[in-house]
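Structure, as structure tokens:
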Amino acid sequence: MKFGVIVFPGSNCDQDVYHAIGSVLCQPIDSLWHGATDVSGYDCLVLPGGFSYGDYLRAGAIARFAPIMPAVIDFARAGGLVLGICNGFQILLEAGLLPGAMRRNDCLQFRCQWTYLKVENNTTPFTGRFHAGQVLRVPIAHGEGNYYADAETLAELERKHQVVFRYCTPTGEVTPAANPNGSVGNIAGIINQEGNILGLMPHPERCAEEILGGTDGRELFASLVDWWQRGDCLGA
Amino acid sequence: MEPEVYRQMGLTDTEFEKIKEILGRAPNYVEVGLFAVMWSEHCGYKHSRPVLQLLPTEAPWVLQGPGENAGIIDIGDGQAVVFKIESHNHPSAIEPFQGAATGVGGIVRDIFAMGARPIAILDSLRFGPLDDPRNRYLMQGVVAGIAFYGNCLGLPTVAGEVYFDPSYSGNPLVNAMAVGIIDQKDIRRGHAAGVGNAAMLVGARTGRDGIHGATFASEELGEASEERRPSVQVGDPFREKLLIEACLDIIKEDLIIGMQDMGAAGLTSSSCEMAARAGTGMEIDVALVPRREEGMTAYEVLLSESQERMLLVPKQGAEARIKAICQHWGLEAVIIGRVTGDGFLRIKEGGQVVAAVPARALTDQCPVYQVERRLPFYLDDLQNRDLSRLPEPADYGQVLRRLLASPNLASKEWVYRQYDYMVRTDTVAGPGGDAAVLRVKGTGKGLALTVDGNGRYSYLDPEAGGAIAVAEAARNLSCVGARPLGITDCLNFGNPEKPEVAWQFYQAVTGMSRACRVLQTPVTGGNVSFYNETEGEAIYPTPVVGMVGLIPDIEKRCGMGWGQEGDVLILVGVTLPEIGGSEYLAVVHGLVAGRPPSLNLEREAAVQETVRQAIASGLVTAAHDCAEGGLAVALAESALAGTVGAVVELAGDLRPDYLLFSESQSRVVLAVPPAARERVLALAREKGVPAAVIGRCGGEQLIVKINGCPMFNLGRGEMEQIWRQSIPALMAR
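Residue numbers (the numbering used here), protein chains in the order written: chain B, -13 to 222; chain H, 126 to 858.
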């Protein structure tokens, strides 16, 4: 399974994703510069964390206009697997590939900490190795992770099981105290209706090895590889 | 020239005369500006140079000592660690966010200027008490500024320290340390060698920000300091991230002779220092420098401290390739001059020479001042205060609660949760432990990093404070299983023209030097920050030590949290009646007095050796040193960092408060499985180090008895609540 990780100016988790997929999962992976316009030949594109273009205007707001984005959008619309992590999630929202928007964390500060995530949908290509309701331990590091969608969008996300991860307590309760940034419905990650584009604020690449304090993130990437190896086809 | 002109730039009449003597003529306005910044205390080290010579700087593993952009230490396998600490105290005092942010930006540039990939940031901070809204504003701004810059760069801020004391009200300390890693073959130095080679400016455009920032850093803070706000630079971490990647690509392709960042004194310092180191000269045409505002004079271009700029001396013929790499990263790269053979820094504007002075006159001929040293009058009384008559506390549980709530000891999570301490996925042990541990991908090695200093000790006895800062840093590294290799130091003091401050400085450096020699941790560079005074009141003398250590096999590392029921607790080292300068004395008795704890460096080295060997032999499940708050707080911290409590039985003739809260040095509490107990005790005996079993891990309570008499019994939950909520509650006021 061939991965491509997109490097925007200011991306800073691209090498971490590269390491997790290339060295831990031992899957082929290339770095793709934002100026590229061709993403053919890849089975999954990853938009990594960081501060693309400094995030000076609004997180992800400039990156969505990067030269590579039309190709990413075409790839995604054609059913290609796309994973947006942190800043990558923000870019997917700005690009309209996922619904909703990000606001500053409700505490108005950057937050770097371990969080617990409840797996709300284990039928996606990204979550096959988890069981429904499983509690994962995955770190976050962001200043703008306060996900928002209007009531109608939110209702549809819920109805169609597009909420994939929610912040929860270690025992899996979804409570306000377990929410690190104020996101609606404790949402940490969502998927598109077709099920091929996942965006999440937590960083699976940061918990893909025992020495880093956990391996739940590795299972997310491994789910993708499983899914691809099974030759599952979305919508088939 | 009117004396007022050069005096306003910070030069004395004598210094002006010396400049005339060097040049053999009167300097023009631009030249006076060059001398004023390069001969400022910040750039010229004119009150510290002779004293700094006392510090040991050599060891077989030191690849680069002081005098370069950063120090370098060999870590084997052809790799090296590059590291340095620097202060940004004055800018942070008046503009905390940008002051701290650009402090991070500047020290990171020093690391990749050597060709190294920056991998981590540490910071050492001091503020006045948090009940003052101004101090809360400063801390909030400084922490947000560090987070803004470091997080955007994608560099983890992995360790640090924060202390509070009224002496830092109005003059906070912001010391930032950066660490990088490099293949030794890629090391570059800030040398402008090769007459005829180009000088290239890479990065941001030059504006009017930060003009005379170095001079500002060389004077006391006062009411007029607010007017200096324009001297504070504004940071653009996104551009610096691009600059890092571009410069490392340039290094990878072996395109340059040397490079240097433009920090204090901007283009002036970088050009004359690079030339002076290589024994060459440099000619710069300021008309070629890209600007972001119109109408800038040559003087302003030369002294601008606009951030995110580097000066490169390319190999001949590499200019076009460098431009192409920079263009890829969206950066400008412009040839602004060339290396000359006459030793002069010659500044042109178009065809016209506007300044011409010997480069070495700026860097090496800066006058050096030996101020008379005088014992401060406060010391005798403070050191000899009779502490034996202090009343004993009635409730030791309450004392421990108060200590855990003291901002100096309370959890610093409020600070570090704003820092991305995990990015780069090498952080194996992050903030909150004795030292941070980073893995080195592709090897089995680990790096251990810490930064330490106790201003209170240094105030009461600067020699002891300096020595303890080094010893404690080394102890922290030993507690994670690392061998200490070298230090970078940030020496924060008051006005060095005052004999009392001169004495403090000399004493502190003497103490550091003594400890560095015994513990074999040479100084590889650092920074001196003088004039930390507000309205004539100096801060506590605060030598801060950043230290790097190596864990040969990262699987053999250690944490401080207790996790195993039944583990035996062994105290390595001895508790003496030493509550002078302690946190207990300050919090419970409201006193900063007495003498700081004594330090026997041979004992210290033996204790650390014992701890390291025990960890390397796999005998230890947790190790934590006794520092501020003494043994009682060390025990509480290990209980909080882990998952179990303990029952501890101490014995001895000391007063209970001394036994529990004395800050005697060279002590480490080890948790070891019962099967390893005898081997650890035997190891200590072999090293000639006292060690005693003091308790056993288990349960949810921390129970401490002395001579069989219960002292306190606190639950982990209660202690955690107090310890974690203290700073957030103060900041929420």
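Ideal Cβ placement from N, Cα and C applies to all residues, glycine included.
Fair warning: this is a prediction, and the values are worked out from it, not measured in the lab.
So residue i and residue j are in contact, right, with Cβ under 8 Å, and what is the actual spacing, rounded?
i: residue 546(H); j: residue 555(H); result: 4 Å
i: residue 781(H); j: residue 831(H); result: 5 Å
i: residue 71(B); j: residue -1(B); result: 7 Å
i: residue 312(H); j: residue 384(H); result: Going by Cβ atoms, the distance from residue 312(H) to residue 384(H) rounds to 12 Å, so no, they are not a contact pair.
i: residue 414(H); j: residue 326(H); result: 6 Å
i: residue 799(H); j: residue 691(H); result: 6 Å
i: residue 724(H); j: residue 612(H); result: Not quite, the Cβ-Cβ distance comes to about 16 Å (not below 8 Å), so this is no contact.
i: residue 670(H); j: residue 578(H); result: 6 Å
i: residue 372(H); j: residue 237(H); result: 5 Å
Based on the DSSP secondary-structure assignment, which residues constitute the bridge partners of residue i?
i: residue 205(B); result: Answer is none; residue 205(B) lacks a bridge partner.
i: residue 17(B); result: -9(B)
i: residue 104(B); result: 121(B), 152(B)
i: residue 282(H); result: 246(H)
i: residue 209(H); result: 303(H)
i: residue 183(B); result: 68(B)
Chain B beta carbons: is any one of them nearer than 7 Å to that of residue i?
i: residue 768(H); result: no
i: residue 546(H); result: yes
i: residue 276(H); result: yes
i: residue 161(H); result: no
i: residue 542(H); result: yes
i: residue 760(H); result: no
i: residue 616(H); result: no
i: residue 279(H); result: yes
i: residue 227(H); result: no
i: residue 568(H); result: no
i: residue 537(H); result: no
In chain order, what residues of the same chain lie with their CB nearer than 7 Å to the CB of residue i, ignoring the 5 residues before and after it?
i: residue 366(H); result: 277, 278, 279
i: residue 510(H); result: 718, 719
i: residue 440(H); result: 380, 381, 382
i: residue 507(H); result: 585, 718
i: residue 470(H); result: 396, 397, 400, 406, 407, 482, 484, 487
Let me see if you follow: with CB-CB separation under 7 Å, is residue i close to chain A or not?
i: residue 51(B); result: Going by chain labels, chain A is absent from the structure shown, which instead holds the protein chains B and H.
Can you find a C-beta in chain H that's less than 7 Å from the C-beta of residue i?
i: residue 197(B); result: yes
i: residue 37(B); result: yes
i: residue 44(B); result: no
i: residue 221(B); result: Bear in mind that the predicted position of residue 221(B) carries a pLDDT of just 43, short of 50, making it too unreliable to give a figure here.
i: residue 96(B); result: yes
i: residue 92(B); result: no
i: residue 167(B); result: no
i: residue 8(B); result: no
So, for residue i: in the same chain, excluding its five sequence neighbours on each side, which residues have a beta-carbon less than 6 Å away from its beta-carbon?
i: residue 144(B); result: none
i: residue 221(B); result: Reliability of the predicted coordinates at residue 221(B) is poor, the pLDDT of 43 falling under 50, and no value is obtained from them.
i: residue 228(H); result: 213, 299, 301
i: residue 76(B); result: 45, 46, 88
i: residue 40(B); result: -4
i: residue 541(H); result: 556
i: residue 80(B); result: 46, 47, 50
Within a Cβ cutoff of 8 Å, which residues of the same chain sit near residue i, ignoring the five residues on either side of it in sequence?
i: residue 210(B); result: -13, 30, 67, 69, 111, 112
i: residue 223(B); result: Since the first and last residues shown for chain B are -13 and 222, residue 223(B) lies out of range.
Any heavy atom of the ligand COA closer than 6 Å to the Cβ of residue i?
i: residue 307(H); result: Among the ligands in the structure shown, none appear at all, so the ligand COA cannot be discussed.
Are there three or more Cβ pairs, one per stretch, closer than 8 Å when the stretch 736 to 750 of chain H is compared with the stretch 803 to 820 of chain H? yes
Meets three-Cβ-pair contact criterion under 8 Å: the stretch 486 to 502 of chain H and the stretch 160 to 167 of chain H: yes
Would you check if there are 3 or more beta carbon pairs closer than 8 Å linking the stretch 527 to 538 of chain H to the stretch 649 to 667 of chain H? no
Within the chosen definition, does the stretch 301 to 311 of chain H reach the stretch 227 to 247 of chain H through at least 3 CB pairs nearer than 8 Å? yes
Closer than 8 Å is the cut-off here; do at least three beta carbon pairs connect the stretch 184 to 192 of chain H with the stretch 638 to 649 of chain H? yes
Do the stretch 386 to 402 of chain H and the stretch 426 to 442 of chain H meet, that is, are 3 or more Cβ pairs less than 8 Å apart? yes
Would you say the stretch 79 to 87 of chain B touches the stretch 257 to 267 of chain H, given that touching needs at least three Cβ pairs under 8 Å? no
Do the stretch 787 to 805 of chain H and the stretch 693 to 703 of chain H touch if we need at least three Cβ pairs shorter than 8 Å? yes
Three or more beta-carbon pairs under 8 Å between the stretch 707 to 717 of chain H and the stretch 814 to 824 of chain H, yes or no? no
Can you confirm whether the stretch 287 to 296 of chain H touches the stretch 243 to 258 of chain H when touching is taken to mean that 3 or more C-beta pairs between the two stretches lie within less than 8 Å? yes
Are at least three pairs of beta-carbons, each pair with one atom in the stretch 21 to 35 of chain B and one in the stretch 53 to 65 of chain B, less than 8 Å apart? yes
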